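Working notes, beginning with the structure itself.
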Amino acid sequence: MRAAFCGQPNLLDNNFYRSLWSRLIFVQQTSSNFRKLCAEHGLAVTHQRQVLYEVMQGMEGHPSPEEVFARVKKKVPAISLATVYKNIHLFVESGIFRKMSMHHGSVRVEMNDEEHHHMVCSRCKAIADIGEKELGLAPRRRKLPDGFLVERYAVDVIGLCAKCQQQAS
């Protein structure tokens, strides 16, 4: 046990307080990252945008705008779905978020923090990330014929996930 101050137990030895402290550090880093991203992209920092960014940081997978809205609304009850859509669109246009338009018409969003591709189940619509190595893609070319300059690759692998394959047998 770490040394106590004035005979009091060290609060960081308690898992609850350690978890709380870790969350505080995460929120401070997220807030700092968000402000820096907004400055880089010429976006105004607003409370609603910051909450949207923090919610997306905490969400796993590829949520729909409606799923993001449900989480944001818990923290900002007065926010509208239209405002969430507008800010998601703004973040996508700035390159902070990435939008996935699924082949069945729905839209999903994710943080645009690392290059990857997607495996999409044609039955249950589950989405999983897959790296370029796992796909066996050739090294990237930045220029293609006719002077086409590549900004990024987006590959969707469509098929059946393991769960749907089991259900089919």
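Each position in the sequence shown, counted from 1, maps to that position plus 1200 in our numbering.
For every residue, glycine included, the Cβ atom is placed at its ideal position computed from N, Cα and C.
From a predicted model like this one, the values you see are computed outputs, not experimental measurements.
Taking Cβ to Cβ, would you say residue i is nearer than 9 Å to residue j?
| i | j | result |
| --- | --- | --- |
| E1247 | V1284 | Per the sequence shown, residue 1247 should be read as His rather than Glu. For H1247 and V1284, no; Cβs fall outside 9 Å. |
| I1327 | V1309 | no |
| H1317 | V1350 | no |
| G1295 | H1241 | yes |
| L1360 | R1323 | yes |
| R1249 | G1258 | no |
| F1234 | E1254 | yes |
Closest by CA to residue i, which one among the options?
| i | options | result |
| --- | --- | --- |
| R1352 | M1256, A1278 and R1298 | R1298 |
| E1334 | K1286, E1254 and M1319 | M1319 |
| V1292 | V1350, E1267 and V1307 | V1307 |
| G1331 | V1357, K1363 and R1342 | V1357 |
| E1266 | L1252, Y1253 and L1281 | L1281 |
| A1362 | K1274, K1325, R1342 and R1249 | K1325 |
| Q1366 | D1346, D1329, C1321 and P1345 | C1321 |
| K1273 | G1336, M1311 and V1251 | V1251 |
| S1264 | I1279, M1311 and S1232 | M1311 |
With burial defined as no fewer than 16 other Cβ atoms inside 10 Å of the residue's Cβ, what is the status of residue i: buried or exposed?
| i | result |
| --- | --- |
| C1238 | buried |
| M1256 | buried |
| F1348 | exposed |
| A1368 | exposed |
| I1225 | At I1225 the pLDDT is 47, less than 50, meaning the model places this residue with poor confidence and gives no usable figure here. |
| V1245 | exposed |
| W1221 | With a pLDDT of only 48 at W1221, under 50, the local geometry of the prediction cannot be trusted, and the value read off the model is given with reservation. Per the 10 Å Cβ criterion, exposed. |
| M1201 | Residue placement at M1201 is flagged as unreliable, the pLDDT there being 44, under the threshold of 50; the coordinate-derived value follows with that caveat. With fewer than 16 other Cβ atoms within 10 Å, it is exposed. |
| V1227 | Unreliable placement is indicated for V1227, whose pLDDT of 48 sits below 50; the coordinate value is still reported in the next sentence. Exposed, since its Cβ has fewer than 16 Cβ neighbours within 10 Å. |
Strictly by DSSP, which residues pair up with residue i?
| i | result |
| --- | --- |
| A1328 | M1319 |
| V1309 | K1299 |
| G1359 | C1321 |
| K1343 | L1349 |
Should residue i be flagged as near chain B, meaning a C-beta pair shorter than 9 Å?
| i | result |
| --- | --- |
| Q1366 | Considering every chain present, this structure includes no chain B. It has just one protein chain. |
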